[in-house]
Amino acid sequence: MPSNREIEKLFDQWNPNGIRAGDRVQVSNSQKYQARVVGLDLDMKNKKVYANLRLAENKKGYPIRVDVADCYPFSGLYPSHHSGG
0 MPSNREIEKL FDQWNPNGIR AGDRVQVSNS QKYQARVVGL DLDMKNKKVY
50 ANLRLAENKK GYPIRVDVAD CYPFSGLYPS HHSGG
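For what it's worth, numbering that gives the first Met the number 0 labels the leading residue of the sequence shown as 0, then goes sequentially.
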């Protein structure tokens, strides 16, 4: 079993966009849609990190578990709201 430090390195390696739980993201795979990341799972066998999502719009047919590499940070319509500007 890998150490916590090794797991953290793999997590960072397989999560190229630095996505964390709670982030709002734009998912871009076969479809494009917005969601919030509610959790992340490390899959050692397949060498991937999966994002568990809560969809911004409740539409059927969009996956709620995707490869985190398909998720990109989403700033929203009013970026100055959280940046203090």
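All C-beta atoms, glycine included, are put in the ideal place defined by N, C-alpha and C.
These numbers come from a predicted model, not from an experiment.
State the CB to CB distance for the pair residue 72 and residue 26, rounded to an integer number of angstroms; the pair is presumed to be in contact (CB under 8 angstroms). With a contact defined as Cβ atoms closer than 8 angstroms, residue 72 and residue 26 miss out at about 11 angstroms.
Following the continuous alpha helix (DSSP H) through residue 3, name the residue where it begins and the one where it ends. Start and end: 3-12.
Do you know how far the Cα of residue 9 is from the Cα of residue 3? So the alpha carbons of these two residues sit roughly 10 angstroms apart.
Given a threshold of 16 other Cβ atoms within 10 Å of its Cβ, counted over all protein chains shown, does residue 22 qualify as buried or as exposed? Its Cβ being crowded by 16 or more others within 10 Å, residue 22 is buried.
Take the Cβ of residue 37 as the centre, count every other Cβ of all protein chains shown within 10 Å, and call the residue buried at 16 or more, exposed below. Its Cβ having fewer than 16 others within 10 Å, residue 37 is exposed.
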